[in-house]
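Report on the following structure.
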Amino acid sequence: MAAAQAYDIRSVDRAEVLRYLGYSGQQLTAELDARIDAGVERCLALARPTGCVRVFDVSGRDERDGEPVISLAGTALELRGRSIAAHLAGAEAVGVLAVTLGMGVEAELRRLSLSDRVGQLIFDAAGSALVERAADAAETTVVAAAAERRLFCGTRFSPGYGDFPLATQPVLLATLDAQRALGITLSSELLMAPTKSVTAVVGLFAEPREDAGHESCAACLCRDFCLLLRSGRTCRD
Amino acid sequence: MPTDLLSAALAGDAFLLFDGAMGTELQARGLAAGELPELLCLTHPEVVSEVYAAYVAAGADVVTTNTFGANADKLGDAASVEEVFSAAVACARAAGARYVAADLGPTGQLLAPMGTLAFDDAYELFARQVRAAVAAGADLFVIETMADLAEAKAALLAVRENSALPAVVTMTFQEDGRTFLGTTPEVAALALSSLGAAAVGVNCSLGPAEVAPLVERMAPWARCPLMVQANAGLPHVEDGVTVFDIGPDQYAAAVAGMLDAGVTITGGCCGTTPAHIAAERALLDGRVPVRHELPDRFAVCGPQRVTSLVPGEVGVIGERINPTGKRKMKEALRSGNHDHVIAEALAQERAGAQILDVNAGLPEIDERAVMCRLVDELLGVTTLPLQIDASDPAVIEAAVRSYPGKALINSVNGKAESLAAVVPIAARYGCALVGLTLDEDGIPATAAGRLAVARKIVAATDAAGIPRADVVIDCLAMAASTDQSAPRAILEAIRLVKAELPGVRTVLGVSNISFGLPFRPLVNATFLSAAFGAGLDLAIVNPGVRRIMDVVDSWRVLSGEDEGARLYVEHYAERSDAAPATEVGEKNRPAEKDAALPTDPVERARRLVLDGRSGPMADAMREVLLAHDALFAINEVLVPALDEVGRRFEAGTFFLPQLMASAEAAKAGFEVVRAAGEKDGAPAADKGTVVVCTVKGDIHDIGKNIVRMLLENYGFEVVDLGRDVAPETVADAVVERHVRLVGLSALMTSTVPAMAETIELLRERAPWCKVVVGGAVLTPEYARMVGADFYAKDATETARIAGEVLA
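Protein chains in written order, with my numbering: chain A, 1 to 237; chain B, 1001 to 1807.
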């Protein structure tokens, strides 16, 4: 069993939740405001954000069946496609992560689907915002591992983006032992359950990235979870 | 005499020592992360055998085959299930193992209804592994690291139905004492040992110190030996390597404590080594097994909760989910829109039901399919265990087979045919069973006659090996108005059954007693008190009737069940005849007045729709109907308000939650109009029927739910087939009702092909039917590609299309 981390996340950006709900400045009634707050609270209460992270060195870049393939040392995981090849161009190592909010959130989504459909919509949006926060938290582990090696992180990239195939999921999840450690399952259509789960890879580069969101601590999404800040460093040092 | 140790161990008379970790050992020998470890049985059998040999040398009695993930789905094209099991068992034999346990791990997929893997498909994956293991010569099965009780059950059934070998079952728990799916150790022990597990226990999860209290919680519920295979502590990463902290001596010391609690089968999971197993061997050799106590109690469970009664305690079974004599329930079961069922379930749970009876017996519906769907949906909204209530044994079997827990079956009776059909089902699936005291000669009039039928039933359950505590005799309440000697006969029968058939429990559907009398709840309550006095264990009642729960709550004080009258005082301190409770668990509360709302009810109702407030809607609508008819309420109040909501949504002045909150408020209004219309005998407005669902493989149903709400508001009858719906199910529903419009939703690119498949089948079987599609990944081009007639970008557009098609 791989080492799982639990993330202590006590808040979600309400604006993010509203964004998932399609909000664009509409006037809200007090009732709806209260329902959104209640949905976010309930999501925070039921979620058990956990994740697994591992970092692998890039061991090869090939072309197979007319497609770029990145191989990693010590894992059967291969990263295929032009999108991921471009995203990880020049990367020395790759952080692989999986996070989930757990089956409690999934059961609540099911319950709301059967009994309160407005509640379901709101809770789902809160879950989407929260699982991204969990991914931010997991990313800090990669950032810290990078800093240790004097490398710099890029941004997260998930199977299903661009031509990075969803078929990557089985081996990616197996690499992290994600079913045993986190309870993430995968359907034959390659959809994860709990649905509020995220998998991603992050490149580790020799030079600082300009597109990585880590340019300043103030604007960094990982700030609340940063493992480096606690020891008075930043990932740009 | 190798077989002796195994059978002695499974009888709880000897210890049995399993091996330790395989995965961590293989990784230490170079297995790459993400690789299928099972393939090493074929490619590097000597490496696998070397691990086993070390465990055998350390003193393990049993080695576990390296087949954790060796199911057809995970292996894919890499190897066949049969090849892997054959090689794996051979590796174990080559190492000189005394016993070889074939390992069955989880499928890797989440079972329906939360996930998409059907119970029967999970069963088939396991069954193939079981047959392969039997052919390869395994001695027993170990079903392990299960988080989902339904999946553990599928695996155990696969073993029991495809082999004669015993299966030990362990589940994996988190630090909060539940599996990922919320199952507790008590539930796991009760459900799996009732189903025939040779041993139950805990594996993986946590270190031995954390596992100890979990397995101790299992002990009083397990009718079989207890097993533990803990991790060598919680894994953490050091210098990029996963390490485990608990060494062999510390591990064995923790196991020692568990032996005192009754554990007799041990071993190790992730991070344990031959040294850990050797330490356990030394520990076991100096000890004798301790037998754990199993108290006398009636117990059933859902996946997350046990309902149990020790002798002297009384329980409440909610009777409301039954169409007999209930118009709204009939309508719900016929239409397939189960909102009313869900609401009844939640209300009964709130009111104090501890088990819910579920009956889908209507002549004109597919009872088996409806029962299974009801069970699935109820599992989504309540944790209460279910009582499967059907007269057709096939319906009962379909429902209890995949039920993730230990169900109560309602019922068998004393007729030979019923005993022959139902008792084996209860025995095979480890269910509790209600036995009705009637037989070929009808319901005996006397207590002695009822006892005689009960004896016949208990003789059959005894013979089938069903424990007495799982047998619940119903002495059948008959109307006092037709025979005033009946009540005494029933009470006497309860007394006799309990005295003459020790260990057996009793149950009674109370309300028949008052048939034909005025003020029935009073008679029911009086009879219920008398029945409790006679020794009744379980009452099948409507817990929403305050008077009934008053009897239950006060009886629990008199019987001593409510210790110190704590619950009674908590709930009844404010009660008196002058201040009766209106609804169970709620105090009187004056209706809230909102000064900001218009006083004119028509204006107020419009405002409430626009504001998306359903709370005050019913009152407003009732006021509207004082001065107007139903047609006005619909056409002049609700529909124009909804139209305005639709315009605002189109214009972007409303966003989705507002649209839905408005639809919800309008629905509350429509329900008042419909209820009033039914009273007056006016037919409800019907604009035609639309079938909606999320397609096969997709469990995202928010979009589909939005569409359903809006269509219902606009007066369409919606047949909601749910999510992850097979093409055949859609076609069946469309053909059966000759539906002219189907709405299909898909959220993921990977499920769009299922959409095309569904449409293709509809074209073939229901060429008259139009199809509208929607969902996050869809575009007008995609819609054309899958062969749909219409693409709807959102729910309001779907409603517009429905209006056109069904005009």
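Here a beta-carbon is modelled for each residue, glycine too, at the ideal position from N, C-alpha and C.
The model shown is predicted, which means the values in this text are computed figures rather than measured ones.
- Are residue 1718/B and residue 1734/B touching if we call contact CB-CB under 7 Å? With contacts defined by Cβ atoms closer than 7 Å, residue 1718/B and residue 1734/B do not form a contacting pair.
- What do you reckon, are the CB atoms on residue 1061/B and residue 1029/B nearer than 7 Å? No. Outside cutoff.
- Query: If you pair each beta-carbon of the region 1732 to 1746 of chain B with each one of the region 1348 to 1361 of chain B, do three or more pairs fall below 8 Å?
  - Reply: No contact exists between the region 1732 to 1746 of chain B and the region 1348 to 1361 of chain B.
- Measure the CB-CB distance between residue 1246/B and residue 1256/B and report whether it falls below 7 Å. In this structure, residue 1256/B does not lie closer than 7 Å to residue 1246/B by Cβ.
- Query: CB-CB under 6 Å to residue 190/A, same chain, minus the five flanking residues each way: which ones, in chain order?
  - Reply: Residues of the same chain with a CB within less than 6 Å of the CB of residue 190/A, apart from the 5 flanking positions on each side, are 166 and 169 in chain order.
- Item | Alpha carbon of residue 1309/B to alpha carbon of residue 1536/B, nearest angstrom | Spanning the two alpha carbons is a distance of roughly 12 Å.
- Query: Since residue 1021/B and residue 1271/B are thought to touch, with beta carbons under 8 Å apart, how far apart are those beta carbons, to the nearest angstrom?
  - Reply: About 6 Å separates the two Cβ atoms, so the contact holds.
- Query: Which chain B residues sit within Cβ distance under 7 Å of residue 256/A?
  - Reply: For residue 256/A there is no data in the structure shown, the boundaries of chain A being 1 and 237.
- C-alpha distance - residue 31/A paired with residue 1665/B, whole-angstrom precision: Whole-angstrom Cα-Cα distance: 12 Å.
- Is any beta-carbon of chain B found at less than 7 Å from that of residue 31/A? Closer than 7 Å: yes.
- Message: Which residues in chain B have a C-beta closer than 9 Å to the C-beta of residue 169/A? List them in chain order.
- Response: Within chain B, not a single residue places a beta-carbon under 9 Å from that of residue 169/A; the smallest gap is close to 10 Å.
- Query: What did DSSP end up calling residue 1271/B once you bin it into helix, strand or coil?
  - Reply: Coil, per DSSP.
- Please confirm whether residue 1388/B and residue 1355/B have their CB atoms less than 7 Å apart. No. Outside cutoff.
- Item | Cβ contact (3+ pairs, closer than 8 Å) linking the region 1334 to 1353 of chain B and the region 1499 to 1507 of chain B | Too few Cβ pairs lie closer than 8 Å, so no.
- Just the C-alpha distance for residue 1591/B and residue 117/A, rounded to the nearest angstrom, thanks. Because residue 1591/B carries a pLDDT of 48, less than 50, the predicted location of this residue cannot be relied on, and the following value inherits that uncertainty. About 25 Å.
- Task: Take the Cβ of residue 1194/B as the centre, count every other Cβ of all protein chains shown within 10 Å, and call the residue buried at 16 or more, exposed below.
- Result: Around the beta carbon of residue 1194/B, a 10 Å sphere encloses 16 or more other beta carbons of the protein chains shown; the residue is thus reported as buried.
- Task: Only counting runs of 3 or more residues, tell me where the beta strand (DSSP E) segments fall wholly within the region 1343 to 1396 of chain B, in order along the chain.
- Result: List check, beta strand (DSSP E) in window: 1355 to 1359 and 1386 to 1389.
- Item | Contact list for residue 1116/B against chain A, beta-carbon separation under 9 Å | 187, 188, 189, 191 and 193, listed in chain order.
- Message: Would residue 1150/B and residue 1104/B qualify as a contact pair, given that the criterion is a beta-carbon distance under 7 Å?
- Response: Not a contact, by the Cβ cut-off of 7 Å.
- Message: By the 8 Å beta-carbon criterion, what residues does the region 89 to 118 of chain A contribute toward chain B?
- Response: From the region 89 to 118 of chain A, only 102, 103, 104, 106, 107, 110, 111, 113, 114, 115, 117 and 118 have a Cβ closer than 8 Å to chain B.
- Query: Under three-state DSSP, which class holds residue 1146/B?
  - Reply: Residue 1146/B falls in the strand class under three-state DSSP.
- Give the C-beta separation of residue 1351/B and residue 1549/B to the nearest angstrom, bearing in mind that I take them to be a contact with Cβ-Cβ under 8 Å. Right, their Cβ atoms sit about 6 Å apart.
- Task: Excluding the 5 residues preceding and the 5 following residue 1788/B in the sequence, name in chain order all residues of the same chain whose CB lies nearer than 7 Å to its CB.
- Result: Same-chain partners within the cutoff: 1759, 1771, 1772 and 1773.
- Delimiting residues of the beta strand (DSSP E) encompassing residue 1242/B: Note, residue 1242/B: beta strand (DSSP E), 1241 to 1243.
- Task: Could you check the C-alpha separation between residue 1102/B and residue 1480/B for me, to the nearest Å?
- Result: Approximately 60 Å between the Cα atoms of the pair.
- Query: What residues in the region 1644 to 1658 of chain B bring their beta carbon closer than 7 Å to a beta carbon of chain A?
  - Reply: Correct list: 1652, 1653, 1654, 1655, 1656, 1657 and 1658.
- Query: From residue 1585/B to residue 1552/B, what distance separates their C-alpha atoms?
  - Reply: Unreliable positioning characterises residue 1585/B in this predicted model, as indicated by a pLDDT of 42, which lies under 50. The coordinate reading is nonetheless provided below. Taking C-alpha positions only, residue 1585/B is separated from residue 1552/B by approximately 14 Å.
- Query: What is the rounded straight-line gap between the Cα of residue 1489/B and the Cα of residue 1451/B?
  - Reply: Roughly 11 Å separates the two Cα atoms.
- Task: Assuming residue 1215/B and residue 1202/B form a contact by the criterion Cβ under 8 Å, report the distance between their Cβ atoms to the nearest whole angstrom.
- Result: About 5 Å separates the two Cβ atoms, so the contact holds.
- Query: Which residue spans inside the region 1100 to 1174 of chain B form an unbroken alpha helix (DSSP H) run of at least 4?
  - Reply: For secondary structure counted as the alpha helix (DSSP H) over 4 or more consecutive residues, the region 1100 to 1174 of chain B holds these complete runs in sequence order: 1119 to 1136 and 1149 to 1162.
- According to DSSP, which residues form a beta bridge with residue 54/A? For residue 54/A, DSSP records a beta bridge to 96/A.
- Task: Report the partner residues of residue 1717/B according to the DSSP bridge assignment.
- Result: Beta-bridge partners assigned by DSSP to residue 1717/B: 1689/B.
- Kindly say whether residue 1598/B, judged by its beta-carbon, lies nearer than 7 Å to any beta-carbon of chain A. Using a Cβ-Cβ cut-off of 7 Å, residue 1598/B does not count as an interface residue toward chain A, since no Cβ of chain A sits closer than that to its own.
- Message: Taking 7 Å as the threshold (beta carbon to beta carbon), is residue 22/A in contact with chain B?
- Response: Yes, because at least one Cβ of chain B sits closer than 7 Å to the Cβ of residue 22/A.
- Task: Just list the beta strand (DSSP E) runs in the region 1179 to 1218 of chain B, keeping only unbroken ones of 3 residues or longer that don't cross its boundaries, in chain order.
- Result: If we require 3 residues or more, the beta strand (DSSP E) runs fully inside the region 1179 to 1218 of chain B come out as 1199 to 1204.
- Item | CA-to-CA distance, residue 1521/B to residue 1483/B, given in whole angstroms | Straight across, the Cα-Cα distance linking residue 1483/B with residue 1521/B is about 19 Å.
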